[in-house]
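In the numbering used here, the protein residues as written are 2 to 699.
Quick reminder that beta carbons are idealized off the backbone N, C-alpha and C, glycines included.
Since the structure is predicted, the reported quantities are computational estimates derived from the model, not experimental observations.
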């Protein structure tokens with residue numbers, strides 16, 4: 002390797018060298034004591050002045066220091082490299098590694114091409130480095146060409162080359178090819194096995210991870226921390242608690258409980274297997290907790306629908322000054338979406354923007370879902386438009402959000418736009434599309450989309466799609482057709498399908514098919530209180546009070562208790578829950594005064610209480626009072642006295658909104674000039690100026 006001194010950057014020649022007693026072999030000085038660009042500049046000037054730069058080893062040390070050791074100095078390394086008359090393979094290798102470390106794999110590949118054009122023969126280390134670049138870029142075509150050269154130059158038997166080859170194919174989605182490379186290897190060390198585990202994990206082939214680990218246990222190769230983390234992750238995804246606990250015992254037996262990465266993987270495994278309290282016990286014992294541990298525990302609570310605990314733990318994480326990452330944010334947003342914690346979720350969005358976190362597909366979709374499930378579909382749409390990349394899930398979340406927020410026709414417009422952009426819908430997308438048709442009353446369009454699923458996209462309708470069709474027909478008043486549709490289904494209808502029909506019978510007061518629906522439901526879920534309540538309400542709506550009471554008595558005899566209606570409202574970051582005729586809230590006296598005032602004002606505006614919605618055991622004189630103390634009315638009254646005039650009031654309810662509360666809330670929105678968003682079990686209701694987004698069709 003020769004160097005032309007006249008072509009070196011001028012700044013290196015004019016630098017003042019202050020180095021005394023320059024060592025004969027300056028490797029230690031260059032690679033360990035050189036801390037800054039200024040240090041490197043001085044050493045560089047000295048080796049030029051003394052002629053040491055003609056020594057290939059010295060030049061490689063300079064390249065390694067500037068390309069790999071010192072951050073942000075890759076351009077300096079290039080300046081040195083470009084002045085080399087005949088760079089050797091080692092020099093190319095250093096620059097390729099440098100580009101990989103500086104997240105420029107495309108430049109690494111271009112440099113390798115230049116290397117071959119200059120007839121410089123790569124060595125085994127070159128191939129390992131360039132395969133990593135291909136892996137990071139998912140450059141499959143280039144990776145296949147490089148494999149051919151590996152064979153040509155005879156480096157195919159080197160284990161570390163084969164390991165990077167396995168990793169490259171797996172990262173490019175060719176996990177089957179990676180497995181063939183793995184199977185053809187005569188000797189496989191733990192690193193090779195881990196490369197294959199990594200490949201399966203990246204492609205979410207969790208069953209293959211467990212099967213491969215079973216093979217590994219039968220071989221003579223021991224496993225390490227990296228292996229166990231891959232397998233524990235797979236156990237969590239598969240719910241394989243037995244293997245996860247076996248690894249836990251192994252970790253304890255081998256005294257590895259001080260390994261933070263392993264214990265964090267155990268926490269994640271237990272949480273995903275439903276053993277959230279076991280996960281929390283491990284979490285609490287950690288001597289130090291990094292963002293991965295916090296995120297694993299928060300995610301565990303979120304996935305177990307223990308959302309309040311997830312948000313409480315996130316608050317603790319903030320108090321500990323641990324910086325959250327994308328995974329943390331997604332789990333917190335998911336919990337906010339379930340609980341309707343709008344203010345907390347908005348703060349998370351503000352935090353994401355403040356920290357300039359990249360709006361990835363995963364994070365962006367989580368934000369969209371949060372806003373949609375809190376009834377703020379405008380914000381959901383805004384996030385969608387700002388996302389640089391969108392996948393089918395992003396489009397699906399938007400379509401579902403628009404459908405459930407009373408924008409059924411707009412949801413179908415976005416489905417049409419999605420198709421124009423050649424994004425293939427999946428089965429979940431069609432659940433959103435059919436829901437849009439249902440909520441918007443688009444019966445014929447719903448029929449067409451249902452047929453189109455299989456005809457145009459090869460998607461076989463699942464029971465959820467059949468349930469959507471029953472909802473479309475039932476909501477549209479075609480109760481008999483919906484009933485016949487169920488009878489002709491190619492699979493046995495489940496409780497949700499029959500319950501959907503029963504709810505439609507409640508809306509359209511169809512006693513006969515309502516009775517048949519309950520008969521079928523009792524066979525499937527005999528203790529579900531809501532089904533009995535629906536039939537009882539059907540009887541009450543047509544004046545058959547004795548039959549309504551009979552259904553309630555039957556519930557009592559069978560020991561079936563009615564699920565109490567519960568409404569929640571978020572005020573200043575705190576969630577307040579209310580039950581019908583409940584006085585547990587510390588401010589209940591003030592709240593009941595506010596309810597009385599609220600009801601008085603809307604009555605003056607024309608509201609008439611629907612006493613058919615009162616408790617059946619209420620006395621005639623108490624029925625109006627019973628109706629006025631439903632949980633959502635208590636929550637709305639609390640919102641009126643605890644928020645500023647004009648502020649949107651957001652309520653979440655665990656059951657379907659009753660007819661009386663729906664009518665009352667319309668009137669409240671007009672009289673008090675408030676927008677009120679109510680999320681019930683089925684959809685969102687946006688009340689404004691005396692109207693609801695559902696057009697009284699729910």
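C-alpha of residue 264 to C-alpha of residue 211: approximately 19 Å in a straight line. Under the DSSP assignment, residue 643 falls in the alpha helix (DSSP H) whose first and last residues are 632 to 643. Out of 542, 561 and 108, the CA that lies nearest to the CA of residue 511 is found in 542.
At a Cβ-Cβ threshold of 8 Å, residue 109 and residue 97 count as neighbours. Taking C-beta atoms as the reference points, residue 634 and residue 662 count as a pair closer than 8 Å. Per the coordinates, the alpha-carbon of residue 657 lies some 7 Å from the alpha-carbon of residue 683. Relative to residue 583, the option among 318, 576 and 593 whose CA is nearest is 593. Approximately 13 Å separates the beta-carbon atoms of residue 363 and residue 333; this is outside 8 Å, ruling out the contact. A direct Cα-to-Cα measurement between residue 459 and residue 472 gives close to 23 Å.
With a cutoff of 8 Å on beta-carbon distance, residue 234 and residue 202 are scored as near each other. Of the other Cβ atoms in all chains shown, 16 or more fall within 10 Å of the Cβ of residue 535; this residue is therefore buried. Rounded to the nearest angstrom, the Cβ distance from residue 269 to residue 237 is 5 Å, consistent with a contact under 8 Å.
The C-beta distance from residue 595 to residue 641 rounds to 6 Å, short enough to fall under 8 Å. In the assembly as shown, residue 208 is an exposed residue. Its beta-carbon has fewer than 16 other beta-carbons within 10 Å.
Of the residues 522, 507 and 481, the one whose Cα lies closest to the Cα of residue 499 is 522. Burial of residue 408 is indicated by the presence of at least 16 other C-beta atoms within 10 angstroms of its C-beta.
The alpha helix (DSSP H) runs lying completely inside the segment 111 to 164 and spanning 4 residues or more are 125 to 138 and 141 to 154, given in chain order.
When secondary structure is reduced to three states using DSSP, residue 694 falls in the coil class, being assigned neither helix nor strand. The three-state secondary structure of residue 686, taken from DSSP, is strand. In the DSSP assignment, residue 252 forms no beta bridge with any residue. Sequence-distant partners of residue 312 (beyond 5 residues in either direction) whose C-beta falls short of 6 Å from its own C-beta, in its chain, are 336. Residue range 677 to 680 is occupied by the beta strand (DSSP E) that includes residue 680. When C-alpha distances from residue 221 are compared across 299, 191, 132 and 664, the shortest belongs to 191. Per DSSP, residue 98 is one residue of the alpha helix (DSSP H) stretching across 90 to 102. The bridge partners DSSP lists for residue 567 are 580. DSSP places residue 561 in the coil class of the three-state scheme, outside both helix and strand.
Between the C-alpha atoms of residue 125 and residue 160 there is a straight-line separation of about 10 Å. Per DSSP, the beta bridge partners of residue 575 are 572.
Rounded to the nearest whole angstrom, the C-alpha separation of residue 325 and residue 134 is 29 Å.
Look at residue 432 here: in three-state DSSP terms it is helix. With contacts defined as CB atoms closer than 8 Å, residue 369 and residue 395 qualify as a contacting pair. Residue burial annotation: residue 366 is buried, with at least 16 other C-beta atoms found within 10 angstroms of its C-beta. Comparing alpha-carbon positions, the option among 669, 561 and 230 lying closest to residue 605 turns out to be 669. Each residue's CA atom was taken as its position, placing residue 379 and residue 402 some 10 Å apart. Contact between residue 687 and residue 406 holds: their C-beta atoms lie close to 7 Å from each other, under 8 Å.
Around the C-beta of residue 430, 16 or more other C-beta atoms lie within 10 Å, and the residue is accordingly described as buried.
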